[in-house]
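*Asks:* Encoded as structure tokens, here's the structure I'll be asking about.
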């Protein structure tokens, strides 16, 4: 689907720019060496950029999710702290 008719930018070209680091309509245009003309595409590009950011955040959250135990699908416990815990002494003064 064409997003910007003025510069013949379709959704694939916009997504490619977003994948390569563009975050705003202006940065999408810079990526393709052009500038906004009529502006009718800007709301669509903003929406696409927002969806892209949400998808990237979701992927990051999934990557940060702890591994699950293969037998039962529950989260594996964190490893125990192996450092010695000092005993607390009470001053008898």
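Numbering (the UniProt record's numbering), first residue to last: 1 to 93. Glycine residues also receive a C-beta, built at the ideal position from the N, C-alpha and C atoms.
(1) Start and end of the beta strand (DSSP E) containing residue 3?
(2) Roughly how many angstroms separate the alpha carbons of residue 44 and residue 25, rounded to a whole number?
(3) Where do the ends of the alpha helix (DSSP H) carrying residue 42 lie?
(4) In angstroms with no decimal places, state the Cα-to-Cα distance between residue 3 and residue 13.
(5) To which residues of the same chain is residue 35 closer than 7 Å at the C-beta, ignoring the five residues directly before and after it?
*Replies:* Per the coordinate set shown:
(1) Taking the chain shown and counting its residues from 1, the one referred to as residue 3 is at position 3. Where residue 3 is concerned, the enclosing beta strand (DSSP E) stretches over 2-4.
(2) Position 44 of the chain shown, counted from the first residue, corresponds to residue 44. Position 25 of the chain shown, counted from the first residue, corresponds to residue 25. Rounded to the nearest angstrom, the two C-alpha atoms are 9 Å apart.
(3) Position 42 of the chain shown, counted from the first residue, corresponds to residue 42. Residue 42 -> alpha helix (DSSP H) spans 42-64.
(4) On the chain shown, residue 3 is found 3 positions in, with the first residue counted as 1. On the chain shown, residue 13 is found 13 positions in, with the first residue counted as 1. Rounded to whole angstroms, residue 3 and residue 13 show a C-alpha spacing of 9 Å.
(5) Against the chain shown, residue 35 aligns to sequence position 35. So the list reads 29, once near-sequence residues are dropped.
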